[in-house]
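Peer 1: Quick one: the structure is below, and I'll ask about it shortly.
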Amino acid sequence: MGRLIVHRVAMSIPLLLIVSLIIFGLEAVVPGDAASTILGQNATPESLAALRVQLGLNDPWIVRYGHWLGGALHADLGTSIISGVDVTSSLNSRLAVTLSLLVPTMLLSAVAGIALGFASAVRGGILGRFIDVVSLFGFAVPSFWIALILVTFFAVHLNLLPATGYQDFATSPTGWLKSIILPVLALSLQGITSVAKQTRDTVMEVLETDYVKFLRANGVSERSVRYRHVLRNAAIPVVTSLGLVSVGMLSGAVFIENVFVLPGLGSLATQATLDHDVPVILGVGVFFTLCVIAINLVIDFAYGLLNPKVRVS
Amino acid sequence: MSDLLSTPAEFPVRRRGVLRAVLATARGRITAGFLVLLFACCLLAPVIAPADPLHQNLREILQTPSGAHWLGTDNLGRDVLSRLLYGGRSSIVAMLEGVAAQVAVAVPLGVAAGYLGGRFDRIVMRLADIVMSVPVIVILLAILAIFDHSIAVAMITLGVLGASGMMRIIRGTAMTIRQELYVSAAELLGLSRTQIIFRHILPRCRGVIIVQTSLFAALAIGIQTGLTFLGLGPPPPAATWGGMVNEAATTLSTAPWLLVPSGGLIALTVLALGVLGDTVRDVTAQSHTSSGGLRVKSAKRRPDAAQVSVPEGTALLSVRDLSVSFLTPRGEVEVLSGVSFDLDAGQTLGLVGESGSGKSVTARAVLALLEANGAVTGGSVIFDGRDLTRATRKELAALRGTRIALISQEPMAALDPSFRIGSQLSEIVRSHTDLSREAAHRRVLELMEMVELPDPEEMAKRYPFQISGGMAQRVAIAAALAGSPDLLIADEPTTALDVTVQADVLALLRRLQRETGMAVLLVTHDWGVVADSCTHVAVMYAGQVVEQAPVEQVFGAPAHPYTAALMASSPEKAPRRTPIDAIAGAVPPPGTRPDGCRFRDRCALSAADCAETDIPLVRLNEERVSRCIRTELLQVQP
Amino acid sequence: MKAATTAGEAAELTVSDLVVDYPIGWRRHRRAVDGVSLSVPAGRAVGLVGESGSGKSSLAKAVLGMAPLSAGRIAYGTTVLNDLRGAARPQDIQVVFQDPYSSLDPTKTIGYTLQEPLRAHSARTGRSLSRAEREESVRAMLAKVGLPAETAGRYPSQFSGGQRQRISIARALILQPRLLICDEAVSALDLSIQAQILNLLLELQAELGLSLLFITHDLSVVNHIAEDLVVLFRGRVMETGSAELVYRQPQHPYTRQLVMSAPTQDLEAQRARRERREALALPPARPAPLGEACPFAHRCAFAVERCRNERPLLRDAPLGGQVACHRADELPPWSEEHTQPREASGSPA
Ligand SMILES: Nc1ncnc2c1ncn2[C@@H]1O[C@H](COP(=O)(O)OP(=O)(O)O)[C@@H](O)[C@H]1O
Ligand code: SF4
Ligand code: SF4
Ligand SMILES: [Mg+2]
């Protein structure tokens, strides 16, 4: 177990390096740079040259990467080339928004997905079919589109919840809750359905194992068979898939933040992309990678707890 | 031996190409048809589109569907259908770019890593682990910023980064195939690695490659539409599916209809790709569960000619005309047809037969523990005066463990891998009695001593994966004995064990039976085990009991040609290195069993009568029955 | 059958002091074969018997060049096989495996599977065979294993376990090997099918003059087919000798335990075996000894102090053959009831 966690932490260093290197390296090989982006098309060669010197763009890219990395180690991710704002602080201020969206979504997906999948596997019949159909639906329908449908219905027609915008939890807890309900629902649909499907498949498999037959045959109550043995054994693969689903949710978060105009990391990254503002994207990359590492750690920990082979050795 | 091919194998399925198999299913036809149609329409957009996708008509904005505009018009009065067709082209191109990149990376790496193994495999897997954790969306955004909104570069990047998932799966498949014996045989016959990869590994990976490709194509469409929705694709006024959703969003309150065509088409396309992938998976791979997800209502039992009047004999267990059917993808198959036998208290009845004869199904049916796709279709299982096939769930639950218990063939698989042995045993003990935790623990240690497990205290703390197969079978026996059952059903309890361990376990079962007086139904295919442990034998062939008698009578002189022939097939029965009296042909699988006597194709005594009617069980003496109408011919033989 | 390939002369397989270690994790290994020597003389049937994990299959894999050798020498005639891999190996040694299901590629017709070795062989030797010649070889080989010619056009899924095992035998024999290794080749089969395959193997051995190395855990099977027996336990040879001698007069405590434990299909004889076994005071379960000790010491009713400190070497046994036991001369005499096979007329089949 300890080994697993150490391994995961050790792997996170190359992961961070890879993510930043890809972005940095690509920027270096492609013609055009920050100076031309800042000054636009009417820049004179002289002003460009001057700005390049000022930004240190004449150094080889590996030297610039070294500088950036040195800064990153001290939590300095550079400045936006458009607004000149410090990237670290603008990310910090937006992190809470993205987490307000992600954490409830992940919890909801896990709880609702497992409950639905488990119920449909042990009950079968109509509920099983229903889960199958809904999970196809969740797989196919784009989250940004579902978000718009939810807005049309709950915000435009019923006027129950705000269509866009975000309220800080500290300023107004109910406002916060109202502002995240629709985004969380929209983002959860895919998570819930894919977790439900995975759970259903796994539980059906476990229900037909020899040990379940053995426990039933020797008098263990159906209740205990289901809630102690089946649930416990099905949890191992389900937890693994939860990790993948959660990592995939980061992409969905970018779309959803844009639909609901939430001032999170995703909408920041989108704006930065439109502006060609690479330092900001790089910063969001670092933050997202840290999120992935955190998710993986939680999953590894849960996996270790559930799997005696890992726990004992 | 000439009739060897007349007995088809269990699954006489002719291999078909993946495409043919997919198109044979309704799902496959619908999804493939939809995709082909969609692709063709988008490709031919310049020819078939009703209007110019960029042509604005501000007098006809936000119209709902009509004859002129099948899907209405948007906020600039452009024809929605035309824009969808043109927009589809960029989505399809993007999807193809992504898929091509993914396949180009994943297939060679996956096959090589899986087949070669070793250090190459470790490095590739380590890399894949890291790449799996990369937050792809940020990389895509960076690419779009750097490459000036080039969706093509973004999709190729998506393909490369997304390849790790497919690579892992292909690697897993290639690894399993490498371990298949035919690959070893090919190596020994002098084939080179390249030949093996191209002839034996890749063709078997085809299924997973197609499945993963279509799932990834669905993902690629999702991402491409998402990016264009964010305005990161080709700039307006170019038509894109995501862009159209975005435009619809601006008129959400006035014209909600506009969300439908664009979003709906995206969803349909993704859905079709996903379902196509699932269909390929279903036709290429076996299902995970033995029931294949099929269920039958247990109420499908045939009305019995006469409701059996319950206790007719004194037998503890009396199985009468028991029939069982399974619902399989090829329809309903009858696996047991009128199985009958009796078992008295204190006896050990050996249920003998070759594999597929229905021994295990009989054992499970007695306990009402058939898989979800199986059902008793007739007959009765009278245990202690009650018909278990008609018992309620509650009644059955009360019997299990306390009156009838079970041990099975794979001792390791019978124990829950996630719980300590002590805790599993303790749970079973506590489900029969209302002992306190400590008392139950003491009882567990007692049981473990009873089955001669060394060092019970220590053993109770172990997990199943920490003990040997022989010990696991002892644990299973302890669990079965916890409720002091009157009947123990043991389905091939020693088949998976070494002979020395088998002898120990059989000795243990004999001792326990002597001490407790329970009856044992011992399923086995080994005459030696019967000779060692049984008092009576029931021989099964093709879903029927063909002979039942005390062991002395059966070993003395078999009263059914199959019993005699099966005994004679043992290598013990022929002098060293001389031909054994083998039975020609093989056991007919369910569904292909002949009418009349089921053994007649292979029987040396068969005559015309044997084919006429179903052969009944004939009573030969007080304790002996045989399903043969020509037994007198057997009796004359020495 | 027209010779499609040139058959080599039959030769003796000699394995000397073979050690096979499998790596498990970082710098650790598990020893599967621990200094085994045996030989399979040309044209003879040698049986290798032992319980699971005794190293039978590892030994077979080593001979086939599919297991890592840590020490020892494997030679076929005068050719040392130790470092030969793939196409460099003589095709004189072939194998039939246990699992009839994974032994055939489900995506290829039987004809393809049987022709493939011929094609590879002609590519290697430069002697190309015409399509007709290959098809003729396949037909002839199918007839030899008792399958009709139509078999060639079908896929493995259309055949039962016994039929597949016949096809595997045909594939192994198509390059006309001189030595056939059967690794649990009949263990997965039902009694009646097992009898068919054993008969076929005996028939082919006589007809083609094959040598057989027959590996199994089933005493009655190996005793039927083998002329010589090698008894393996925890990677070491416990006893060897003629099958008749080893089975009827086992001289090693382990072999005796094996014979006593194997249930026989004869009520009287089985009762005798059982009683003999029960009479033997077996020691309580103990962990297996490591290092320089008799590998059987923890389960042996005759173990003494010496057995736990000194590894017994294989030496000539009192009644013939060889045993690895310090106390071979002191064991009580063995008089197994003679269960002479009844004359095969007992059944009508
Ligand atoms: N869950 C199931 N679904 C479909 N067929 C089954 C199922 N379980 C068993 N069968 C079929 O029933 C027949 C008898 O099986 P079984 O009782 O296991 O035989 P035995 O124990 O004698 O080897 C076999 O043909 C087997 O394929
Ligand atoms: S009924 Fe006829 S075919 Fe069947 S076993 Fe008896 S003699 Fe043979
Ligand atoms: S050497 Fe000792 S322990 Fe080993 S078999 Fe002989 S008597 Fe038994
Ligand atoms: Mg069975």
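Protein chains in written order, with my numbering: chain A, 2 to 314; chain B, 12 to 649; chain C, 64 to 412.
By construction, the Cβ of each residue, glycine as well, lies at the ideal position given by its N, Cα and C atoms.
What residue range does the beta strand (DSSP E) around residue 353 (chain B) cover?
Peer 2: 342-354 is the span of the beta strand (DSSP E), which, as asked, contains residue 353 (chain B).
Peer 1: Ends of the beta strand (DSSP E) at residue 157 (chain C)?
Peer 2: Unbroken beta strand (DSSP E) run through residue 157 (chain C): 156-159.
Peer 1: Determine which residues share a DSSP beta bridge with residue 296 (chain C) and list them.
Peer 2: For residue 296 (chain C), which the question treats as bridged, DSSP gives the partners C:299.
Peer 1: DSSP puts residue 555 (chain B) in a beta bridge; with which residues?
Peer 2: Residue 555 (chain B) is bridged to B:552.
Peer 1: Whose CA, out of B:267, B:234, B:161, B:164, lies closest to the CA of residue 82 (chain B)?
Peer 2: Nearest C-alpha to residue 82 (chain B): B:267.
Peer 1: If you check the beta carbons only, do residue 263 (chain B) and residue 153 (chain A) fall under 8 Å apart?
Peer 2: Result yes, Cβ atoms of residue 263 (chain B) and residue 153 (chain A) sit closer than 8 Å.
Peer 1: Please list, in chain order, all residues of the same chain as residue 280 (chain C) whose beta carbon is under 8 Å from its beta carbon, the five residues on each side excluded.
Peer 2: The residues are 112, 113, 114, 115, 119, 247, 250.
Peer 1: If you follow the beta strand (DSSP E) that residue 274 (chain C) is part of, which residue opens it and which one closes it?
Peer 2: Here the beta strand (DSSP E) through residue 274 (chain C) covers 274-279.
Peer 1: For residue 393 (chain B), which of helix, strand or coil comes out of DSSP?
Peer 2: Three-state result, residue 393 (chain B): strand.
Peer 1: Within 10 Å of its beta-carbon, does residue 633 (chain B) have 16 or more other beta-carbons around it, so buried, or fewer, so exposed?
Peer 2: When all chains shown are included, residue 633 (chain B) counts as exposed.
Peer 1: Pick out every residue whose C-beta is nearer than 5 Å to a heavy atom of ligand 3: which are they, in chain order?
Peer 2: The answer, residue by residue, is C:316, C:357, C:359, C:360, C:363, C:365, C:366, C:370, C:375, C:388, C:389, C:390.
Peer 1: I need the DSSP call for residue 77 (chain C), collapsed to helix, strand or coil.
Peer 2: Residue 77 (chain C) falls in the strand class under three-state DSSP.
Peer 1: Can you tell me whether residue 605 (chain B) sits near ligand 2, meaning its C-beta is under 7 Å from at least one heavy atom of the ligand?
Peer 2: Residue 605 (chain B): no, Cβ never under 7 Å from ligand 2.
Peer 1: Where do the ends of the alpha helix (DSSP H) carrying residue 507 (chain B) lie?
Peer 2: Residue 507 (chain B) -> no alpha helix (DSSP H), and no H or E assigned at all.
Peer 1: Since residue 245 (chain C) sits in a beta bridge, which residues does DSSP pair it with?
Peer 2: Bridge partners of residue 245 (chain C): C:159, C:277.
Peer 1: I want to see whether chain B comes within less than 8 Å of residue 84 (chain C), judged by CB atoms only; does it?
Peer 2: No - not a single Cβ of chain B is within 8 Å of the one on residue 84 (chain C).
Peer 1: Using 8 Å as the limit for Cβ to Cβ distance, is residue 215 (chain B) near chain C?
Peer 2: Yes, residue 215 (chain B) counts as interfacial toward chain C.
Peer 1: How far does the beta strand (DSSP E) with residue 624 (chain B) in it reach, from first residue to last?
Peer 2: Element bounds for residue 624 (chain B): n/a, residue is neither H nor E.
Peer 1: How big is the Cα-Cα spacing for residue 108 (chain C) and residue 484 (chain B)?
Peer 2: Their Cα atoms are separated by approximately 36 Å.
Peer 1: At least one CB of chain B closer than 8 Å to the CB of residue 329 (chain C): is that the case?
Peer 2: It does: the Cβ of residue 329 (chain C) has a partner Cβ on chain B nearer than 8 Å.
Peer 1: Are residue 456 (chain B) and residue 411 (chain B) closer than 8 Å when you measure CB to CB?
Peer 2: Cβ distance not < 8 Å, so residue 456 (chain B) and residue 411 (chain B) don't count as in contact.
Peer 1: Just checking residue 621 (chain B) against ligand 2 - is the residue's beta carbon closer than 7 Å to any of the ligand's heavy atoms?
Peer 2: Answer for residue 621 (chain B): yes, Cβ within range of ligand 2.
Peer 1: Just the Cα atoms here: how many angstroms apart are residue 118 (chain B) and residue 488 (chain B)?
Peer 2: For residue 118 (chain B) and residue 488 (chain B), the distance between alpha carbons rounds to 48 Å.
Peer 1: Looking at residue 215 (chain A): is its Cβ nearer than 8 Å to the Cβ of residue 464 (chain B)?
Peer 2: Not closer than 8 Å, so no.
Peer 1: Mind checking which residues open and close the alpha helix (DSSP H) that includes residue 90 (chain A)?
Peer 2: Its alpha helix (DSSP H) spans residues 88-124.
Peer 1: Following the continuous beta strand (DSSP E) through residue 398 (chain C), name the residue where it begins and the one where it ends.
Peer 2: No beta strand (DSSP E) contains residue 398 (chain C), which DSSP labels as neither H nor E.
Peer 1: Looking at residue 253 (chain B) and residue 247 (chain B), is the spacing between their C-beta atoms short of 8 Å?
Peer 2: Contact flag unset, no.
Peer 1: Is residue 43 (chain B) near ligand 2, judged by its Cβ being under 7 Å from some heavy atom?
Peer 2: No, Cβ of residue 43 (chain B) sits at least 7 Å from all heavy atoms of ligand 2.
Peer 1: In angstroms, rounded to a whole number, what distance separates the CA positions of residue 565 (chain B) and residue 397 (chain B)?
Peer 2: One C-alpha to the other measures close to 30 Å.
Peer 1: Quick one: which chain B residues come within Cβ less than 7 Å of residue 289 (chain A)?
Peer 2: What residue 289 (chain A) touches in chain B: 146, 149.
Peer 1: With DSSP as the reference, please indicate the residues paired to residue 207 (chain A) in a beta bridge.
Peer 2: According to DSSP, residue 207 (chain A) bridges with nothing at all.
Peer 1: Just the Cα atoms here: how many angstroms apart are residue 69 (chain B) and residue 251 (chain B)?
Peer 2: Rounded to the nearest angstrom, the two C-alpha atoms are 20 Å apart.
Peer 1: So, under 8 Å CB-CB, residue 274 (chain A) and residue 155 (chain B) are touching, yes? Tell me the CB distance rounded to an integer number of Å.
Peer 2: Right, the Cβ-Cβ distance comes to about 5 Å (below 8 Å), so this counts as a contact.
Peer 1: Since residue 99 (chain C) sits in a beta bridge, which residues does DSSP pair it with?
Peer 2: The partner list for residue 99 (chain C) (beta bridge, DSSP) reads C:81.
Peer 1: So residue 363 (chain B) is in the alpha helix (DSSP H); what residue range does that whole segment cover?
Peer 2: Careful: residue 363 (chain B) lies outside any alpha helix (DSSP H), inside the beta strand (DSSP E) at 359-363.
Peer 1: Just checking my contact of residue 241 (chain C) with residue 98 (chain C) at CB under 8 Å: how many whole Å lie between their CB atoms?
Peer 2: That pair is no contact at about 26 Å.
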